[in-house]
Amino acid sequence: MSDIIEDIEIRLLLEALYQRFHYDFRDYAQASIRRRLRQARDQLGFANFSALQEHLLHDDDMLPRLLGYLTVQVSEMFRDPSFFRTIREKVVPHLRTYPSLKLWVAGCSAGEELYSYVILFREEGLEDRTLFYATDISEEALAAASRGIYSLDRIRTFTENHRASGGKSSLSDYYTSAYGNAVFDKSLRDRVVFSDHSLVTDAVFGEMQFVSCRNVMIYFNRELQDRAIGLFNDSLMRNGFLGLGSKENLRFSRHADAFTDFVREEKIYQRREQ
Amino acid sequence: MSGVLPRAVVIGASAGALQALSQILPELPADFPVPVLIVVHVPADRRNMLAPLFQAKCRMLVREAEDKEPAMAGTIYFAPPGYHLLVEADGSLSLSSDEEVLYSRPSVDVLFESAADAYGPNVVGIVLTGANPDGAQGLRAICESGGTAIVENPADAYAGTMPEEALKACPKAHVLALGEIAAHLLRVCPA
Chain A
1 MSDIIEDIEI RLLLEALYQR FHYDFRDYAQ ASIRRRLRQA RDQLGFANFS
51 ALQEHLLHDD DMLPRLLGYL TVQVSEMFRD PSFFRTIREK VVPHLRTYPS
101 LKLWVAGCSA GEELYSYVIL FREEGLEDRT LFYATDISEE ALAAASRGIY
151 SLDRIRTFTE NHRASGGKSS LSDYYTSAYG NAVFDKSLRD RVVFSDHSLV
201 TDAVFGEMQF VSCRNVMIYF NRELQDRAIG LFNDSLMRNG FLGLGSKENL
251 RFSRHADAFT DFVREEKIYQ RREQ
Chain X
1001 MSGVLPRAVV IGASAGALQA LSQILPELPA DFPVPVLIVV HVPADRRNML
1051 APLFQAKCRM LVREAEDKEP AMAGTIYFAP PGYHLLVEAD GSLSLSSDEE
1101 VLYSRPSVDV LFESAADAYG PNVVGIVLTG ANPDGAQGLR AICESGGTAI
1151 VENPADAYAG TMPEEALKAC PKAHVLALGE IAAHLLRVCP A
């Protein structure tokens, strides 16, 4: 069994993080959180979580450093290319029928997913009528997303994914290389609103045609998944689309009935007319 | 065995995994009393063929693990390509797309460490063939919490690095030939 004292310390640390700073990780799936916290403890040089907690409460520098470990999330541009191909082929024709569009990337992390949508929408001629909302709980993630700079060694994967997703141009059209990095064109952010938003504690903020939340809810426990899906349900207009990660689904959710499978194998759902 | 019955078997394998697992999994009966959780290193872009491939050969149920599902006895779960597989304290499975560990996602270490946390001494960890050190830290965690550790004999393995590293990290692990592992599992996990 995991150490009983360690379990107590982790619970107390997450409680302190919530009570002091309102970051709520208490209902996250425990196994990944524990792994990330152990990494933070070891790399920040603490003997145990109680010592880490003391610094969290009394040392202003500690919060961003700890959040860096807790909110790290790794994505790729056009991750799961068949998902984006399906958006292009099956969802875009529906979206074309709207004069204006709102797309919400919930849990945008460093922005790989966001830029995938903006590029796809530009290629499909939808960018000009779309507002993109990119939200995350981490300021650092939002800052990274709004910089749009990725290490060049990741670009090969991004390029292959983009091509496999049915990309209509070369990915290199959208970035310039500098000092080992790819700097994505700032025009891609012209229609993006970056905002701090928590799926755990915050409310709905607009009526969307498309919500994308991929590989975020796997970190939540069942109750928290239900809360997030409820938020998406309330945010989407009738017939709006919800895209999840390839290993996530609504089957076990309290809100399963509010959605129909649009393309089941790609985890693209559509909100019912009701 | 100190009288504690395992609640799960966890297995990690890389290069040569298919041949190695083909010598173990088909030998397990349909009513094998605990879940078997497996990480095999496969590229993320490949549609996972492991579950259908082994379902055709095995008596146990074989499937790709889904997020939040409870791990059931009599079932073999493969980690999906591109995702870490972890066990929660309540015996349910969870997935993560955290960064690669030792260039691997799924990672054997991630599965084994979470299994050590969730099951304590009541888990059997098996490291098979592979050409990298993934699995060594995880098997150490299983050893340290009193679980049973098994390592494929590196001398016979298709790729010896993974079992060698695992043995260094967990010297008291049982070293078995591939052909002996299923019989050993049936002894430590009696129906």
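So the sequences go chain by chain: A and X.
Each step along the first sequence adds one to the number in the numbering used here, with nothing skipped, and position 31 is 31.
Position in the second sequence (from 1) plus 1000 gives the number in the numbering used here.
The beta-carbon is built from N, C-alpha and C at its ideal position, and this holds for glycine as well.
Rounded straight-line distance, which links the Cα of residue j to that of residue i
i, j, result
"X:S1104", "X:L1021", "19 Å"
"X:L1185", "A:E9", "36 Å"
"A:F49", "A:V192", "38 Å"
"A:R272", "A:R88", "21 Å"
"X:E1180", "X:A1115", "23 Å"
"X:Q1055", "X:V1062", "5 Å"
"A:D24", "A:R214", "19 Å"
"X:D1031", "X:C1189", "11 Å"
"A:M237", "A:S116", "23 Å"
"X:A1159", "X:G1135", "14 Å"
"X:A1065", "X:G1074", "14 Å"
"A:R189", "X:I1150", "53 Å"
"A:M77", "X:E1069", "28 Å"
"X:R1140", "X:G1012", "13 Å"
"X:A1071", "X:V1123", "13 Å"
"A:I137", "A:S187", "24 Å"
"A:D42", "X:N1153", "33 Å"
"A:F132", "A:F121", "10 Å"
"A:Y18", "A:Q53", "12 Å"
"A:Q73", "X:R1059", "38 Å"
"A:F241", "X:A1155", "54 Å"
"A:F252", "A:Q225", "10 Å"
"A:Y69", "A:Q39", "8 Å"
"A:F184", "X:P1106", "29 Å"
"X:C1170", "X:C1143", "7 Å"
"A:F46", "A:A29", "23 Å"
Neighbour flag for residue i against chain X, beta carbons, 8 Å
i, result
"A:F259", "no"
"A:F262", "no"
"A:E140", "no"
"A:F252", "yes"
"A:I137", "no"
"A:R272", "no"
"A:V72", "yes"
"A:N48", "no"
"A:A29", "yes"
Neighbour flag for residue i against chain A, beta carbons, 8 Å
i, result
"X:L1095", "yes"
"X:L1086", "yes"
"X:Y1083", "yes"
"X:A1089", "yes"
"X:P1026", "no"
"X:P1163", "no"
"X:K1068", "yes"
"X:D1134", "no"
"X:S1107", "no"
"X:E1180", "no"
"X:S1114", "yes"
"X:D1098", "yes"
"X:D1117", "yes"
"X:P1080", "yes"
Three-state secondary structure (DSSP) of residue i
i, result
"X:T1161", "helix"
"A:F259", "strand"
"A:F194", "strand"
"X:Y1077", "strand"
"X:S1145", "coil"
"X:S1094", "strand"
"X:P1105", "The sequence given here places Arg at residue 1105 of chain X; Pro does not occur at that position. Note: X:R1105 maps to coil in three-state DSSP."
"A:F121", "helix"
"X:A1183", "helix"
"X:P1070", "strand"
"X:E1064", "strand"
"X:L1128", "coil"
"A:E9", "helix"
"X:F1112", "helix"
"A:F21", "helix"
"X:A1118", "helix"
Neighbour list for residue i in chain B, Cβ cutoff strictly below 8 Å
i, result
"X:V1110", "Going by chain labels, chain B is absent from the structure shown, which instead holds the protein chains A and X."
Any non-hydrogen atom of the ligand ZN within 7 Å of residue i CB
i, result
"X:G1130", "Absence of the ligand ZN is noted for the structure shown, with no ligands found whatsoever."
Expected contact under 8 Å - CB spacing of residue i and residue j to nearest Å
i, j, result
"X:V1101", "X:L1086", "X:V1101 to X:L1086, Cβ: 12 Å. No contact."
"A:P99", "A:R129", "7 Å"
"A:L63", "A:V92", "The Cβ separation is near 41 Å, so there is no contact."
"A:K247", "X:P1080", "6 Å"
"A:A134", "A:A110", "Actually they do not touch by this definition, with Cβ atoms about 10 Å apart."
Any chance you could list the beta strand (DSSP E) runs of at least 3 consecutive residues sitting entirely within the stretch 134-179 of chain A, in chain order? 149-151 and 175-178
Report the start-end ranges of each alpha helix (DSSP H) in the stretch 29-114 of chain A that is 4 residues or longer and not cut off at the edges. 30-43, 49-58, 62-70, 81-86 and 92-95
Runs of alpha helix (DSSP H) lying entirely within the stretch 208-274 of chain A, each at least 4 residues, in chain order: 222-235
Please give the ranges of any alpha helix (DSSP H) in the stretch 1001-1045 of chain X, keeping only runs that are unbroken, at least 4 residues long and fully inside the region. 1017-1022
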